[in-house]
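Asker:
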Amino acid sequence: MKVYKILGLMSGTSLDGLDLAYCHIWENKGSWKFEIKASKSISYSKEMLVELKDAIGLSAEKLIELHNTYGTWLGEQSLQFIKDHHLEVEYIASHGHTTHHRPEMGLTFQIGSGQHLANVSGIKVIADFRTNDMALGGQGAPLVPIGDRLFFDEYDFCLNLGGISNISFEVKNKRIAYDIGLANMILNYITRKVDLEYDEDGRLASSGAINETMLKRLNDLQYYLLPHPKSIGYEWFLEEVLPIVEETEDTIENLLHTSIHHVCDKIAQQVKLNTKKKTQRLLVTGGGALNSFLIRILQQKLGQGTEIVIPEKIIIEFKEALVFALMGVLRVEQQTNVLSSVTGAKKDSSSGVLFIPN
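Mapped onto this note's numbering, the consecutive letters of the sequence shown carry residue numbers 1 to 358.
(1) So residue 99 and residue 49 are in contact, right, with Cβ under 8 Å, and what is the actual spacing, rounded?
(2) At which residues does the beta strand (DSSP E) containing residue 309 begin and terminate?
(3) For residue 3, which of 20, 11, 80 and 35 has the nearest alpha-carbon?
(4) Check whether the Cβ atoms of residue 286 and residue 160 lie closer than 9 Å to each other.
(5) Tell me, please, which residues DSSP counts as bridged to residue 348.
(6) Can you check which of these residues, 106, 47 and 77, is closest to residue 343 by C-alpha distance?
(7) Give me the Cα-Cα distance between residue 221 and residue 162, rounded to the nearest whole angstrom.
(8) Looking only at its chain, what residues have a beta carbon closer than 6 Å to the beta carbon of residue 137, apart from the 5 residues adjacent to it on each side?
(9) Between the segment 89-97 and the segment 7-18, are three or more C-beta pairs nearer than 8 Å?
(10) Whole beta strand (DSSP E) runs in the segment 229-276 with 3 or more residues, listed along the chain?
(11) Measure the C-alpha to C-alpha separation of residue 139 and residue 337 and round it to an integer number of angstroms.
(12) What do you reckon, are the CB atoms on residue 126 and residue 234 nearer than 9 Å?
(13) For residue 32, write down the residues that DSSP places opposite it in a beta bridge.
(14) Based on Cα-Cα distance, which residue from 185, 207, 206 and 208 lies nearest to residue 360?
(15) Please go through the same chain and pick out, in chain order, the residues whose beta-carbon is closer than 7 Å to the beta-carbon of residue 271, but skip the five residues on each side of it.
(16) On the DSSP bridge list, what partners appear for residue 170?
(17) Going straight from the alpha carbon of residue 250 to that of residue 239, what length do you get?
(18) When you compare only the Cα positions, how much space is there between residue 104 and residue 54?
(19) Give the single residue among 252, 219 and 225 whose Cα lies nearest to the Cα of residue 264.
(20) Which whole-angstrom value describes the C-beta separation of residue 8 and residue 67, a residue pair presumed to lie in contact below a C-beta threshold of 8 Å?
Pasting the structure below:
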């Protein structure tokens, strides 16, 4: 039985840092298994945070330059992590950091040059997991549902609360998944107005009240009416959501409180729409799972028929890095790692590009 020793790297739209998960992954009697052996989150410096947030406005030359320097930085962080933990690593599977995602234009871009990463770390790298699916007519997102199916199939729904909320579930032996809408992206944007990276446990939000005008404007956004497959990126937030936040004159507490009710309204709506039995279990991961006020409001809106399951902290924080490690393994095995039922592509694919260190 082949056990892959692979390092998964993930940087999400909430810009809360780089996640590294060193995993052992193996197949046993047709089922994929995993152990997360070591993990680490690296927060971005203020300078890097600004650089990544503003990357959407860079010229082509400056964007490629950032792509290369960020890939070098990923290699340096990986190498240090491997040395610190004395790890034996066969592959690095890197998602990179999404700067552009315009599926309606067939365009997506994740910075973090796989070749630079491979050269600095001295390890084979699998990166660029989204482009092939887009070339096949898909959204290039979401990708994590392959991990939901292979690692977490005991749950009726898998919900990830990163910068964006996305959900996945099975319908007639097909995995369905899509971006529901907002999550930490709006919450973290609001807290940064008062120099806080995030609202711990939703404490500020819990002391606020609903701004009905803002809530209605958020709930009425056109994206929510679109059929799946569908996905959103930072561009959508800038163009559609930011004006609503900026035009709402209210306290930080009320802005956060209203945003959480909006996030939970839209999640509960999708869960109820796709519920097929009286009781179901909903696995929640991503940074939003640690926001106890958000989880409390979500449970209220879902009702008693849905049990929210919050897993151990290592799964909450590193599930996406783990799944990209799995996607790297599946790519090496030339097995499907991107599902067309999720992305809307012409067919399933084994996506990702292999970079050999020089």
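We put the CB at the ideal spot given by N, CA and C, even for glycine.
Answerer: On the basis of the supplied data:
(1) Separation of the CB atoms of residue 99 and residue 49 is rounded to 13 Å, and the pair is thereby denied contact status at 8 Å.
(2) Start and end: 306-309.
(3) Closest option to residue 3, Cα to Cα, is 35.
(4) Yes, the pair counts as a contact, with Cβ atoms nearer than the cut-off.
(5) Paired residues: none, contrary to the question.
(6) Nearest in C-alpha terms to residue 343, of all of 106, 47 and 77, is 106.
(7) In a straight line, the C-alpha of residue 221 is about 19 Å away from that of residue 162.
(8) Only 345 and 346 meet the Cβ criterion.
(9) Judged by Cβ distances under 8 Å, the segment 89-97 makes contact with the segment 7-18, as three or more pairs qualify.
(10) The beta strand (DSSP E) runs lying completely inside the segment 229-276 and spanning 3 residues or more number zero.
(11) Note on geometry: alpha-carbon atoms of residue 139 and residue 337 lie some 14 Å from one another.
(12) For the pair residue 126 and residue 234, the CB atoms are not nearer than the 9 Å cut-off.
(13) Answer by DSSP bridge pairing, in chain order: 27.
(14) Because the chain is modelled from 1 through 358, residue 360 falls outside the range shown and cannot be assessed.
(15) Here residue 271 has 157, 282, 302 and 306 as same chain residues with Cβ atoms under 7 Å from its own Cβ, once five neighbours each way along the sequence are excluded.
(16) DSSP lists 175 as partners of residue 170.
(17) The straight-line gap from Cα to Cα measures roughly 21 Å.
(18) Residue 54 has its alpha-carbon roughly 22 Å from the corresponding atom of residue 104.
(19) Answer by Cα proximity: 219.
(20) About 20 Å separates the two Cβ atoms, so there is no contact after all.
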